[in-house]
Each structure stands twice: as C-alpha cells, then as structure tokens.
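Structure, as structure tokens:
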Amino acid sequence: MKTDGVEVERISTDIVIVGGGTAGCFAAVTIKETSPATEVLVIEKAHVKRSGCLAAGVNAINAYLNPGETPETYLDYVKKDSAGLVRDDLVLTIGQRLNRVTEKLESWGLPFQKDESGCYKPRGKRNVEITGEAIKPVIATALQNSGAKILNRTVATNYLINEGVAAGVYAFSAREKKFYVITAKAVICAAGGAAGIYKPNNDGSSRHKMWYCPFNVGTGFAMGLRAGAEMTTFEMRFIALRIKDVASPTGTIAQGVKARQVNALGEEYQGRYESRSTPMRMYGTVEENKAGRGPCYLDLTHLPNSHNRRLKEAYLNMSPGLVLKWADEETEPNGKPLEICGSEPYIVGGHGQAGYWVDSERKTTVKGLFAAGDVVGGAPKKYVTGCFAEGEIAALAALEYIGQESVRAELDRQENSEQEITAELGRVFEPLRKQRGVAPDKYEERLQKIMDKYAGGISANYELCEPKLLRARELLITLQHEVKKNILAADVHELVKAHELIDRVLVARVLVEHLLYRKETRWRSYQERVDYPRRDDERWFTFVNSVYQRESGDIQIIERPWSGETAVEGFGGRV
Amino acid sequence: MTVRINKSLCNGCGNSVEPKCVMVCPGDLLCKDPSNRCVIRDPKDCWDCAACVKECPQQAIEMTLPVQIGGRGSTLKAKTEKGRIIWQLTKPDGSKEFFEVHTRNT
Ligand SMILES: Cc1cc2nc3c(=O)[nH]c(=O)nc-3n(C[C@H](O)[C@H](O)[C@H](O)COP(=O)(O)OP(=O)(O)OC[C@H]3O[C@@H](n4cnc5c(N)ncnc54)[C@H](O)[C@@H]3O)c2cc1C
Chain S
896 MKTDGVEVER ISTDIVIVGG GTAGCFAAVT IKETSPATEV LVIEKAHVKR
946 SGCLAAGVNA INAYLNPGET PETYLDYVKK DSAGLVRDDL VLTIGQRLNR
996 VTEKLESWGL PFQKDESGCY KPRGKRNVEI TGEAIKPVIA TALQNSGAKI
1046 LNRTVATNYL INEGVAAGVY AFSAREKKFY VITAKAVICA AGGAAGIYKP
1096 NNDGSSRHKM WYCPFNVGTG FAMGLRAGAE MTTFEMRFIA LRIKDVASPT
1146 GTIAQGVKAR QVNALGEEYQ GRYESRSTPM RMYGTVEENK AGRGPCYLDL
1196 THLPNSHNRR LKEAYLNMSP GLVLKWADEE TEPNGKPLEI CGSEPYIVGG
1246 HGQAGYWVDS ERKTTVKGLF AAGDVVGGAP KKYVTGCFAE GEIAALAALE
1296 YIGQESVRAE LDRQENSEQE ITAELGRVFE PLRKQRGVAP DKYEERLQKI
1346 MDKYAGGISA NYELCEPKLL RARELLITLQ HEVKKNILAA DVHELVKAHE
1396 LIDRVLVARV LVEHLLYRKE TRWRSYQERV DYPRRDDERW FTFVNSVYQR
1446 ESGDIQIIER PWSGETAVEG FGGRV
Chain Z
-17 MTVRINKSLC NGCGNSVEPK CVMVCPGDLL CKDPSNRCVI RDPKDCWDCA
33 ACVKECPQQA IEMTLPVQIG GRGSTLKAKT EKGRIIWQLT KPDGSKEFFE
83 VHTRNT
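Structure below.
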C-alpha cells in the first residue's frame, strides 16, 4: 500500500523489541530460548552488528560479583555511590543475575581473561577485565542464531496504543520512503539513553567525539513520554570524567594500573572532598579547576615501559582515538600525565538513573510495555551486564503477560485505529514534505546552547539555579513550537535527524522540569543546585517522576516515596 | 572527528548496494558516490568508533584525529582476520607500530 508517496508495510508479531543493542538483543535471545514458538521482531535504527553504546568495544565488565561479593553488597555499593536514593528492588534483581549473564557472554565467544584459579581477572571488587572489541558482533551473532527476526535501519517513532494498551510500534526506514505499522502483543523498549541534549565538549568538526553514543538520542524516552508513561529521576544526569579531547574511558588506567588522579600542582586532590563516589570525583575535578588548580590529570608516569604496549592494545579495543592522541603528541602512555575533564551531561539509566519508572518485572506504567537497559530509571551503575539482566527480566515478564488469557482476549477485541495510523504517518514524513524550513542541525545547536547555558552544561560548570532553569523552560517551549512548525528534511537520512531533534527537545523539556523540582543537591555535579546546595534527606528522599500530556504539552511532576527493599508493584495495569 | 576513505583502494564492495562499511556504521554516515566508491556524508557526525575501519575488506579506511583536537597526522588502519585484528599505527614522522589483538574465541 502507498500513502502520499510512502510505502506502508504492516507486520504482526508476538513481541516487538525497540533497539537491537545490549538489552534488546539479550531480551530477544531470552524469549527465543524460553519459548521458541514465540515470534520476536527486533527493530534497530542502525545495524545490530555495530549499533549503540557497544559499537567500538569495551574492555571491562563493570558489574560482576567477584568472589566475596553478593547482590546485597552490590546494592550497598550502588546506594552509597548514589547518595542513598535508588530503587533497591531494581538494583537487587540486577545483582542476582550479573554473574549468570556474564558467563553467557563468555559462552557466546567473547574472550575473558582468567587468573590462575580460573576466575575472571578482577579489576576491583565488582569489575572484570575482558578483551571486548567484538562484544557487539558477538551479541549480534547470538541474536541472529536465536531465530528472532531483525529489521535493521528501521527507526521506531512511537508506540501503537489501543485503548491505553501498548499493541505495537510505528517505525520508518532509514533507507527509503517506507513506513511500518508493527502490531504485537507486547512491546519491550531497549532504545538506550540520550546524548546530544547539551552542547558537547568538542564542537564543530568534532562534535560527535563524545563519550556516550551520539546516535542514542532519547527516542525511547520520547516514545514513552508521548504515550503517557511515567519517567523517573531525569535530574540525576550522568557526566563522565574522561580523557580530554578524545573522551576515552578512564577505568583501564585509573583502576587497571592505579593511575594517580592529580591537579596541576601534582596533588592527589580527591581527599579534599567528602567521598570518592563517582559524582564526587567529577565534582572534585570541577572544583579544582574553579580554584585555579586545574587542569587535572591521570598520572601514569610511574609505570614501567613494559605497560605501554598493553595499554595501547586495551584502548584499540574500545577507544582507538587515545592511541592516535599518544602518537600525535609523540609520547607513550607513561610519557606524561593525561589530562581529564568532564563530558557534557547525558540522560541515561545505565550510569545515572534517568528513565522509565518500572516495577521489579520491568513493566512500565503503560500496560503491555516493558523496558530494559539505559532507558530504565532507578537503577544506576548497571552497565553492560545490568542491561543484560534487565533484558532477561523484561523478556520473561513480557512472555508471562502475553500468555495471560485475559490479555489475549483484550488484545483480540481491540482494533487498530486507522485514523491514528494515518496521523502518525503524517507526523513522521512531514519534515520531508516541506518546501521551506529549518534543517535539524541548526535546531540541534540551538537546543544544545540553551541547555548548556541555562540548564547546567559544561560552560556553567554543571551548576543549576532556578532563574536560569525557568529561562530554559521558556526557551524550550518556544523551540518545541518552532521545531514542530519548521523542521525540514532534504532526504531520508535527514528525516532521521529531524526526528532525533524532535525527541531530544522533548527529553530536554522534561529534564528541565525535573531539575527545577528537586530543591536540594543530592548528586554533586550531576544535579548541582547552587541555590539549594545541601542534601536534604528529610524532604527529598523521594523519587521525582513525570508524565507528559501529549495534547497540551504540559509536564506533570509526581513524587513517589522511596519504598524500601520491597518491590514496587501495582501500577503495571493502570488501564 | 572522522575517517578517511582512500578512493584508489575502495571498490565499493563490487556492486553491493550495502557495502560493509555502509552496513555497520552506527550513525548511517557512509554511502556510495556515483563512481561506486564509499564516502562519508557528514564527517562531523562521525563518533570515531572505527567500526568501518575494521570492517573494510580493502583496508581503504583510516582514522585520524582532527586538527581541532590536536591531530597531527597519525593514522590507524586495521585488518580483521578470524578471531583477531591487526592494527597499523602510522605516526607523524612516518614510523609504524603494529598491534595484534585477539577478538573472539574461535
Ligand atoms: C563509550 C562507552 C563505553 C562503555 N564501556 C563500558 C564498559 O567498559 N563496561 C561496561 O560494563 N559498560 C560500559 N558502558 C555502558 C554500557 O555499554 C551501556 O550501559 C549499555 O551498553 C547500554 O545498553 P542498552 O541496550 O540500554 O543501549 P545500547 O546498547 O546502546 O542499545 C540501544 C539500541 O537502540 C537503538 N535505537 C535507538 N533509537 C532507536 C529507534 N528509534 N529505533 C530503533 N532502534 C533504536 C540503537 O541504535 C542501539 O542499538 C559503556 C558505554 C559507553 C557509551
């Protein structure tokens, strides 16, 4: 069928997964292993072989319980690192699965380093070293072997909602003028977090030389918001302390070979600050710079020359830019200290805790919609293996859901609204039909500038205050209207970028409401309110959640009390 | 940040509509030009993940740092073989260093 020059393809499946990344692939494999007859379709905007966060490779599994560690000690650590406020049930259910999912990754063929006793080579208590260049191709092969169907280069845009129940996904092709209406009995969102909301650390010709994947733009959040799903803790942004210019991860040298973290005077400065938590290490570095003691460095000059080659190999496996930097500076890893700095803030549930508000089974507040990975809030520091764990939990919950008699009857009774399908097709292809307008790149710069200046970006030392946030709110509302009216796409590739921008603006708007609402400073640098500089457990030991009203464009904030170690249940079936 | 494609080495993977580099780019930034060679459509959008560098069967793609962030001409190329990658680093003075990394248990 063709509508308005656009080919429309209708597909029906049992479970559709949005995003063939870390969590999405693991969810698909889990479903096919548990219930081979269940049909699974993975929609991936790139190609599963090298999509999302893992495209370049990694060299550690950051969440694994080495001998002596338990799910409870993992929870203790995550809580301590996150100012106490996390969803204990989510973190614990991740902890219970970390080691099993890691072993599965090894069984898929990824090389793990082992010590004399045959244990994985530890890099700290909850971390193991791997040779992870091929992590994504290895996961993709497991996905392909599972029997799940895959649609690569297909960009999801919204959920298909029937009478309040998620019953599929709308998507379009990144290659041709083609629109997909995919109906399913359940939907799992695993589309990752959001980069590109703030002005990046490098701009111009290097604007995508960032830490988080620049192609994960928060569409998973935006789709949920437009469907009325509740989101949590966007205000706990994640800011990565990374190697300057090339944004390479630091764990390999900080934990791996015990680099000293020093300021320009050569002092190990972290002792000056309250703790060594991840946000505090970012904050300490910002403060050293503000006090005139920057730049700050990771100092490897103590290492013998024999380490140089191994370190370069480690970085080739995940962030080759640093190897080029050493070569361009005509130095070796132990030649001179490496400058470190903060990235722009990201909205991501795998390191920070922004994302869907889910119950222990990773059910969102929209019936039929499950979520896993960086798109899920409340459980920071989950990393690769935590995303696998959530993929597994969401997969099993989705299977259980579609097996329920009452659900099947309800889905059978429902009919897709042709009017809604036409409306979404119109919305998706509108930027392509315009003759005149504004290209997505221009709006992207505008958005990033607003966020940088008024919502605590790099140039503001990540600091937030009410008057500036109110200004951000105002400017973003105007921007959202303008974008809706004017955004233009010259071709299908630019159409992808147009929707990325539309989704980023929505995420930014919700983020600003969260930042305005929490009137304390809980997570240094990540959520640094200079007008409320103290942490206030009495008032603010609570989750800040939000719901977007698609019709009016309003954002409603809801407080959800911390519920202790018991599972949060009872909202999976709100409709 | 970007990669450079050597036009005399790239053969567009024959008449494939989806050459290997085009297939793997997580940002969908590579495409074919009218002369059947691959080009990067928007260098500023490149993440520098090196997926295309490792995928190219012709070793036609190399990675460099832009001048803006201190690039002085070093390049990285990769040859992917079963279970391993051989990297070639060329430094500004033309000297080379080779690395072999194990990628999969085969
Ligand atoms: C550079 C970097 C290094 C890291 N290093 C480590 C490490 O060493 N150890 C560790 O444990 N963790 C590491 N992490 C964290 C870890 O990689 C992430 O937490 C995890 O991979 C996230 O998994 P995910 O499935 O949520 O997202 P992803 O794996 O990114 O998957 C999301 C997928 O959704 C797709 N997608 C997005 N939007 C759409 C759409 N609209 N339609 C269809 N598909 C879409 C994307 O293309 C992508 O494939 C690192 C992260 C980064 C960015």
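Chains as they are written, first to last, in the numbering used here: chain S, 896 to 1470; chain Z, -17 to 88.
Built from N, CA and C at the ideal position, the CB exists for glycine as well.
Just so it is clear, the structure is predicted and the values come from calculations on it, not from any experiment.
query	result
Assign residue 78 of chain Z to one of two classes, buried (16 or more other C-beta atoms within 10 Å of its C-beta) or exposed (fewer than that).	exposed
Against chain S, with Cβ distances strictly below 8 angstroms, would residue 52 of chain Z count as a contact?	yes
Should residue 1467 of chain S be labelled buried (16 or more other beta-carbon atoms within 10 Å of its own) or exposed?	Note on residue 1467 of chain S: pLDDT 39, under 50, position unreliable in the model; the coordinate value appears next. Result: buried.
Which residues, in chain order, does the stretch 1103 to 1114 of chain S contribute to contact with chain Z at a C-beta distance below 8 angstroms?	1103, 1104, 1105, 1108, 1109, 1110
Can you give me the start and stop residues for the beta strand (DSSP E) that residue 1456 of chain S sits inside?	1450 to 1456
What's the call for residue 1465 of chain S, buried or exposed, on a 16-neighbour Cβ count within 10 Å?	Because the pLDDT of residue 1465 of chain S is 49, which lies under 50, any placement of that residue in the model is unreliable, and the number read from its coordinates should be weighed accordingly. Exposed, by the Cβ-count rule.
Any heavy atom of ligand 1 closer than 7 angstroms to the beta-carbon of residue 946 of chain S?	yes
Counting pairs of Cβ atoms below 8 angstroms between the stretch 1205 to 1225 of chain S and the stretch 43 to 56 of chain Z, do you hit three or more?	yes
Say whether chain Z places a C-beta atom closer than 8 angstroms to the C-beta of residue 950 of chain S.	yes
Does the beta-carbon distance from residue 1387 of chain S to residue 1071 of chain S come in below 8 angstroms?	yes
Buried or exposed: residue 1014 of chain S, going by 16 or more other Cβ atoms within 10 Å of its Cβ?	exposed
Would you grab the beta carbon distance between residue 949 of chain S and residue 916 of chain S for me? Rounded to a whole angstrom, and I think it's under 8 angstroms.	7 angstroms
Between the C-alpha atoms of residue 1152 of chain S and residue 988 of chain S, what's the straight-line distance to the nearest angstrom?	31 angstroms
Just the Cα atoms here: how many angstroms apart are residue 1195 of chain S and residue 1026 of chain S?	21 angstroms
So, does the CB of residue 16 of chain Z fall closer than 8 angstroms to a CB anywhere in chain S?	no
Could you check how far apart the C-beta atoms of residue 1244 of chain S and residue 1274 of chain S are, in whole angstroms? I think they sit under 8 angstroms.	7 angstroms
Indicate whether residue 935 of chain S and residue 910 of chain S have their beta-carbon atoms separated by less than 8 angstroms.	yes
Expressed to the nearest angstrom, what Euclidean distance is found between the alpha-carbon atoms of residue 1271 of chain S and residue 1248 of chain S?	7 angstroms
Do residue 1177 of chain S and residue 1134 of chain S have their C-beta atoms within less than 8 angstroms of each other?	yes
Could you pull the start and end residues of the beta strand (DSSP E) that residue 1207 of chain S belongs to?	Here residue 1207 of chain S belongs to no beta strand (DSSP E); instead the alpha helix (DSSP H) covers 1201 to 1211.
Residue 12 of chain Z CB to nearest chain S CB: under 8 angstroms?	no
According to the Cβ coordinates, are residue 1498 of chain S and residue 1367 of chain S closer than 8 angstroms?	Given a span of 896 to 1470 for chain S in the structure shown, any question on residue 1498 of chain S remains unanswerable.
Can you give the Cα-Cα distance for residue 1442 of chain S and residue 1382 of chain S, rounded to whole angstroms?	25 angstroms
Taking CB distances under 8 angstroms as the criterion, tell me whether residue 9 of chain Z reaches chain S.	yes
Going by DSSP in three states, residue 69 of chain Z sits in which element: helix, strand or coil?	strand
Of the residues that make up the stretch 16 to 44 of chain Z, which ones have a beta carbon closer than 9 angstroms to any beta carbon in chain S?	23, 24, 25, 26, 27, 28, 29, 30, 31, 32, 33, 34, 35, 36, 37
Given that residue 1026 of chain S touches chain Z, what residues does it touch there, using C-beta distances under 8 angstroms?	83, 84, 85
Does chain Z have any CB closer than 8 angstroms to the CB of residue 1468 of chain S?	Any reading at residue 1468 of chain S must be qualified, since the residue scores a pLDDT of 35, below 50, and its modelled position is unreliable; no value is offered.
What are the start and end residues of each continuous beta strand (DSSP E) run of 3 or more residues lying completely inside the stretch 1054 to 1128 of chain S, in chain order?	1060 to 1068, 1073 to 1078, 1081 to 1084
How would you write the range of the beta strand (DSSP E) that residue 1184 of chain S sits in, first residue to last?	Premise fails: residue 1184 of chain S lies in the alpha helix (DSSP H), 1173 to 1185, not in any beta strand (DSSP E).
With residue 46 of chain Z and residue -14 of chain Z assumed to form a contact (beta carbons below 8 angstroms), what rounded beta-carbon distance in angstroms separates them?	6 angstroms
Give a yes or no on whether 8 angstroms exceeds the smallest Cβ distance from residue 6 of chain Z to chain S.	yes
By the 7 angstroms beta-carbon criterion, what residues does the stretch 63 to 84 of chain Z contribute toward chain B?	Among the protein chains in the structure shown, which are S and Z, there is no chain B.
Taking C-beta pairs closer than 7 angstroms, name the residues in chain S that residue 47 of chain Z reaches, listed in chain order.	1216, 1219, 1220, 1223
Between the stretch -15 to 3 of chain Z and chain S, which residues of the former have a C-beta closer than 8 angstroms to a C-beta of the latter?	none
Any idea what DSSP makes of residue 1194 of chain S, helix, strand or coil?	strand
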